[in-house]
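Report on the following structure.
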Amino acid sequence: MNTPANLSEIISCVSGYDPNAVPVAQAQQIIRNFVVPVQGIEKLALRGALGRVLAQDIVSPIDVPQQDNSAMDGFALRGADLPAQDAVTLKVIATTLAGGSAARDVQPGECVRIMTGATMPPGCDTVVPQEFTQGGGDSVTIPAGVVRPGDNRRLRGEDLAQGKPALQQGKILRPADIGLLASLGIAEVPVMRRLRVAFFSTGDELRSIGEPLDPGCVYDSNRYTLHGMLTRLGCEIIDMGVVRDEPAALEAAFRSAAECADAIITSGGVSVGEADYTKQMMGKLGDVAFWKIGMRPGRPMAFGKIASENRSAYLFGLPGNPVAVMVTFYFFARDALLRMMGAQAEPLPSLQAVSHSAIRKKPGRTEYQRGILSIEPDGRRLVRITGAQGSGILRSMSEANCMVVLGHDQGGVNAGDLVDVVLFEGLV
Ligand code: AMP
Ligand code: MG
204 MNTPANLSEI ISCVSGYDPN AVPVAQAQQI IRNFVVPVQG IEKLALRGAL
254 GRVLAQDIVS PIDVPQQDNS AMDGFALRGA DLPAQDAVTL KVIATTLAGG
304 SAARDVQPGE CVRIMTGATM PPGCDTVVPQ EFTQGGGDSV TIPAGVVRPG
354 DNRRLRGEDL AQGKPALQQG KILRPADIGL LASLGIAEVP VMRRLRVAFF
404 STGDELRSIG EPLDPGCVYD SNRYTLHGML TRLGCEIIDM GVVRDEPAAL
454 EAAFRSAAEC ADAIITSGGV SVGEADYTKQ MMGKLGDVAF WKIGMRPGRP
504 MAFGKIASEN RSAYLFGLPG NPVAVMVTFY FFARDALLRM MGAQAEPLPS
554 LQAVSHSAIR KKPGRTEYQR GILSIEPDGR RLVRITGAQG SGILRSMSEA
604 NCMVVLGHDQ GGVNAGDLVD VVLFEGLV
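Just so you know, we're using our numbering here: the sequence shown kicks off at 204 and counts up by one.
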């Protein structure tokens, strides 16, 4: 991976930078300017490309549909034969089915019984749906005013014309895209290789599942939430377990992660003033900035690059508190990882909802409160905060279906005010 600049160069372009008071938007900007996409493309069979990042633009090799065809079951006719008033009776000269051969030329006064998807007979430009007609053996009667000339005809190439862009590089392929590629007859798709992300937890109080929970200890949950969030992003995961807060163990972990991964995510050990080795080792092995971010939860965070002998990897040193890990992942790491994956990283989709209660908040930091969004009987979106909002209370995340985002400059919220909400559902 080549980076265009080192971190300090990027930071030096930011006006008013203070590592002890970094607004969320500034941290996001620095991260965005620093990361670059990985190289490497693989070709996958169409179905296997779901959720992957398209590596090249796809241009349509054919017209879809290939011919003008009918959008309805009914009768194909010349638009000029539609009656201006009363009704007209036309001679039915043939029936044409989807996939069947086109009928012969249709003359004035004639029509063809046609099924949805069948090719329009030469001379016809209009289809009258069956339900508007009477008769239908050798002849059919069509009343005035039911359709206009050109109605119910799908035009050749109206879905995609040959040579026109069908999908853009960087798109994360969704089911509709896979279907679209199938409609073009494309069997194999070039996608970006998966991003390799190594992660570990730090902290001597952490125990892994299966170990006894000694007094004063907690089970390591961050590796599990990280595993889930990274899996949803479609990353290749390297779970390095819990690393003790010991220089040799940390150095070995960072070096081996930098050797094999594109990005390293750690949790814990980056708090300001914390007398531990995680921060020291990050500083020793890499080009890393330590930030106090103007946000709640998730104030301390480290970001930069860690080098091994042969290569380097981006580092996200997330805070230790379980809610802070998730919030910093979604609002900093996610966007960066998508960029590294070569994806068009769209901002998290947000919507507005009415706050059920007043929320206390000081301007000068961004707050992410866990909320439950519901639709009221009158159709209004209402959001309630999920009780205690401590950054260690993972239950508040689990109970929530969204995050209420209170912006940097925003003050307190009154009950009934509109607030911004980011939904968990559909979040990758
Ligand atoms: P730290 O940032 O290392 O000071 O950690 C802050 C808080 O998060 C402490 O209460 C830690 O015990 C807790 N914590 C850190 N890492 C984890 C983890 N992997 N799983 C659960 N809790 C953690
Ligand atoms: Mg710690």
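We put the CB at the ideal spot given by N, CA and C, even for glycine.
- In this structure, S424 has its CB closer than 7 Å to one or more heavy atoms of the ligand AMP.
- The three-state reading of DSSP puts V526 in helix, counting H, G and I together.
- Taken in chain order, the complete alpha helix (DSSP H) segments of 4 or more residues contained in the stretch 222-279 are 227-237.
- For Q572 and Q592, the gap between their C-alpha atoms comes out near 7 Å.
- In this structure R542 is not in contact with V227, their Cβ atoms being roughly 17 Å apart against a cut-off of 8 Å.
- The straight-line gap separating the alpha-carbon atoms of K565 and R598 is approximately 24 Å.
- By the Cβ neighbour-count rule, L436 is buried, with 16 or more other Cβ atoms within 10 Å of its own.
- Here R568 is buried: its Cβ has 16 or more other Cβ atoms, across all protein chains shown, within 10 Å.
- Look at L210 here: in three-state DSSP terms it is helix.
- I467 sits buried, since 16 or more C-beta atoms from the chains shown fall within 10 Å of its C-beta.
- It is roughly 36 Å from the alpha-carbon of A460 to the alpha-carbon of A379.
- Residue state for D417 is assigned as coil, using DSSP reduced to three classes.
- Around the Cβ of D341, a 10 Å sphere holds fewer than 16 other Cβ atoms; the residue is exposed.
- 8 Å or more divides the Cβ of T299 from the Cβ of P332.
- When the beta-carbon positions are compared, I345 and V330 stay at least 8 Å from each other.
- For P500, the shortest C-beta to heavy atom distance toward the ligand AMP is 7 Å or greater.
- Nearest Cα to I214 within the set S601, F402, S515 and V491: V491.
- Following the DSSP letters along the chain, one finds R598 inside the alpha helix (DSSP H) bounded by residues R598 to E602.
- In the structure shown, G338 falls within a strand segment according to DSSP collapsed to helix, strand and coil.
- In its chain, beyond the 5 residues on either side, A224, V225, P226, V227, G567, R568, T569 and H611 have a beta carbon closer than 8 Å to the beta carbon of G497.
- For K487, the enclosing alpha helix (DSSP H) begins and ends at Y480 to L488.
- Under the three-state reduction of DSSP, E391 is assigned to strand.
- In this structure A301 does not touch V315 by the C-beta definition: roughly 13 Å separates them, more than the 8 Å allowed.
- Going by DSSP, A460 is part of the alpha helix (DSSP H) stretching over P450 to C463.
- Taking the CA atoms as reference points, Q372 sits about 35 Å from S404.
- In this chain, I296 is not harboured by any alpha helix (DSSP H); it is covered by the beta strand (DSSP E) spanning A290 to T299.
- Across the set V350, Q310 and T322, the C-alpha of V350 shows the shortest separation from the C-alpha of A290.
- Secondary structure within the stretch 395-445: the beta strand (DSSP E) runs of 3 or more consecutive residues, fully enclosed, are 399-405 (chain order).
- Remark: the shortest separation between the CB of T531 and any heavy atom of the ligand MG does not fall under 7 Å.
- In the DSSP assignment, I317 falls within the unbroken beta strand (DSSP E) covering E313 to I317.
- Per DSSP, reduced to three states, the secondary structure at R587 is strand.
- Excluding its 5 nearest sequence neighbours in each direction, L551 has C-beta neighbours in its own chain below 6 Å: V625, listed in chain order.
- Taken atom to atom, the span from the alpha-carbon of I588 to that of V608 is near 11 Å.
- Counting only the Cα atoms, F519 lies some 28 Å from R377.
- Cβ-Cβ distances below 8 Å link D266 to R359, G360, L363, A364 and Q365 in the same chain, with the five nearest sequence neighbours on each side left out; the list follows chain order.
- Taking all protein chains shown into account, C216 has fewer than 16 neighbouring C-beta atoms within 10 Å of its C-beta and is therefore exposed.
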